[in-house]
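Just so we're aligned: the sequence shown equals residues 632 to 916 in the numbering used here.
For each residue, glycine too, the CB sits at the ideal point set by N, CA and C.
Report on the structure given below.
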Amino acid sequence: MSQDQLPEHRQRLIWTAERAFGLKDTIANRRRTAEVAQAATGNRPADDVARPAPKMVESVVDTALFGAIDDGAGAGDAFTEAPFDSPVMATEEKRKHLAVMNQTEVKDCAKCGLSRTRTHTVFGEGDVDAQIFFIGEGPGETEDQTGRPFVGRAGQLLDKMIAGMGLRREQVFIGNIVKCRPPDNRVPAPDEVETCTPYLVRQLEIIRPKVIVTLGLPSTQYMLRTRLPMKQLRGRWQDWRGIRLMPTYHPAFVLRSYTPENRRAVWDDLKKVLAELGVGETGRG
Ligand code: URA
Ligand code: SF4
Numbered sequence: 632m633s634q635d636q637l638p639e640h641r642q643r644l645i646w647t648a649e650r651a652f653g654l655k656d657t658i659a660n661r662r663r664t665a666e667v668a669q670a671a672t673g674n675r676p677a678d679d680v681a682r683p684a685p686k687m688v689e690s691v692v693d694t695a696l697f698g699a700i701d702d703g704a705g706a707g708d709a710f711t712e713a714p715f716d717s718p719v720m721a722t723e724e725k726r727k728h729l730a731v732m733n734q735t736e737v738k739d740c741a742k743c744g745l746s747r748t749r750t751h752t753v754f755g756e757g758d759v760d761a762q763i764f765f766i767g768e769g770p771g772e773t774e775d776q777t778g779r780p781f782v783g784r785a786g787q788l789l790d791k792m793i794a795g796m797g798l799r800r801e802q803v804f805i806g807n808i809v810k811c812r813p814p815d816n817r818v819p820a821p822d823e824v825e826t827c828t829p830y831l832v833r834q835l836e837i838i839r840p841k842v843i844v845t846l847g848l849p850s851t852q853y854m855l856r857t858r859l860p861m862k863q864l865r866g867r868w869q870d871w872r873g874i875r876l877m878p879t880y881h882p883a884f885v886l887r888s889y890t891p892e893n894r895r896a897v898w899d900d901l902k903k904v905l906a907e908l909g910v911g912e913t914g915r916g
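Dropping the structure here:
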């Protein structure tokens with residue numbers, strides 16, 4: 632794409648992305664468009680017209696692993712595979728539920744051993760009506776100090792990835808599979824993940840994103856119950872309880888291994904997310 636096309640292209644991308652990402656005024660517009668389309672076609676429900684048709688996904692669930700985890704930690708309903716059947720909450724109600732969960736359960740949580748070494752829990756943050764929910768691994772040092780997700784070096788790269796999608800950080804939701812920093816940034820242990828993730832599942836149930844993007848192996852493995860390596864998982868659509876899920880590389884991995892191939896891979900994955908949300912081809916790549 633030539634340089635002189637950029638401003639118009641960018642503007643169009645941001646406008647389309649904002650619409651796709653559920654900014655309040657534009658959601659109403661989209662509904663109206665869908666209703667008009669429905670009236671014209673006569674038989675498809677409005678939601679169907681507005682959303683792209685589901686595409687086939689190739690399951691990567693490792694049933695042995697799934698069985699082992701499900702039997703183990705008493706995770707209960709959090710790990711059933713059925714789509715959420717509770718009604719989607721209104722924006723204010725979502726905010727209230729999330730705030731109450733944070734204040735009364737997460738903020739001072741001592742359910743697992745990570746509580747002993749953390750400074751702050753990191754609940755997650757972003758738009759409660761976000762269409763994209765990014766899931767990382769766990770807080771690092773800066774996140775532990777500030778109580779905010781992805782604010783260190785990896786966070787700066789995540790911000791760039793989000794900006795590349797024509798979005799701002801405040802328009803998506805960002806969380807992790809564990810809410811407390813594992814000592815020395817080690818990978819969270821299976822029991823810590825099993826203890827903490829019911830919080831994440833409830834956040835997902837409240838926010839009800841259209842797309843989940845898992846960043847790196849631990850969150851991808853947890854969500855998909857798979858033992859496949861990231862190389863085989865990234866870039867391929869999966870389904871998580873009826874929500875589309877795109878695994879991609881963790882920004883910390885991309886920083887460690889800053890090759891054109893890895894950066895291209897992440898960007899390709901994010902473009903698929905944009906296409907899924909109706910933003911379409913972005914003109915790059
Ligand atoms: N890495 C993560 O996985 N999550 C954070 O919040 C920060 C760094
Ligand atoms: Fe509680 Fe999760 Fe922190 Fe463990 S990691 S103490 S379960 S908030």
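heavy atom of the ligand URA below 7 Å from residue i C-beta
| i | result |
| --- | --- |
| valine 809 | no |
| valine 824 | no |
| glycine 778 | no |
| leucine 788 | no |
| leucine 846 | yes |
| glycine 771 | yes |
| glycine 757 | no |
| leucine 781 | At residue 781 the sequence reads phenylalanine, which differs from the leucine that was named. Phenylalanine 781 Cβ: within cutoff of the ligand URA. |
| glutamate 774 | yes |
| histidine 881 | yes |
| glutamate 768 | yes |
| alanine 721 | no |
Burial state of residue i (16 or more Cβ within 10 Å)
| i | result |
| --- | --- |
| valine 897 | buried |
| threonine 735 | exposed |
| glutamate 892 | exposed |
| arginine 887 | exposed |
| alanine 794 | exposed |
| alanine 730 | exposed |
| aspartate 900 | buried |
| tyrosine 853 | buried |
| glutamine 834 | buried |
| threonine 890 | exposed |
| arginine 865 | buried |
| glycine 703 | Note that glycine 703 scores 35 on pLDDT, short of 50, meaning its location in the model is unreliable and no value can be drawn from it. |
Any non-hydrogen atom of the ligand SF4 closer than 7 Å to residue i Cβ
| i | result |
| --- | --- |
| valine 737 | yes |
| serine 850 | no |
| threonine 752 | yes |
| leucine 831 | no |
| alanine 741 | yes |
| leucine 745 | yes |
Segment limits, beta strand (DSSP E) that includes residue i
| i | result |
| --- | --- |
| threonine 845 | 842-846 |
| methionine 796 | Careful: methionine 796 lies outside any beta strand (DSSP E) and carries neither H nor E. |
| threonine 752 | Element bounds for threonine 752: n/a, residue is neither H nor E. |
Closest residue to residue i among the options (Cα-Cα distance)
| i | options | result |
| --- | --- | --- |
| threonine 750 | Gly757, Met861, Pro813 and Leu788 | Pro813 |
| arginine 784 | Arg894, Ala721 and Val885 | Val885 |
| glycine 847 | Pro840, Lys841, Met861 and Ile838 | Met861 |
| lysine 903 | Arg875, Thr890, Cys743 and Tyr889 | Arg875 |
| proline 849 | Pro840, Pro718 and Thr879 | Thr879 |
| glutamate 907 | Asp822, Phe715 and Met796 | Met796 |
Cutoff 8 Å: residue i Cβ touching any chain D Cβ
| i | result |
| --- | --- |
| valine 753 | Absent here is chain D; the protein component of the structure consists of one chain. |
Segment limits, alpha helix (DSSP H) that includes residue i
| i | result |
| --- | --- |
| glycine 822 | Checking the sequence shown, residue 822 turns out to be aspartate, not glycine. From DSSP, the alpha helix (DSSP H) with aspartate 822 extends over 821-838. |
| arginine 895 | 891-907 |
Segment contact flag, the stretch 856-867 with the stretch 757-773, C-beta cutoff 8 Å, min 3 pairs: Taking 8 Å as the limit for Cβ pairs, the verdict is that the stretch 757-773 does not touch the stretch 856-867.
Cβ pair count under 8 Å reaching 3, the stretch 824-841 against the stretch 801-816: Here the stretch 824-841 makes contact with the stretch 801-816; the two share three or more CB pairs at distances below 8 Å.
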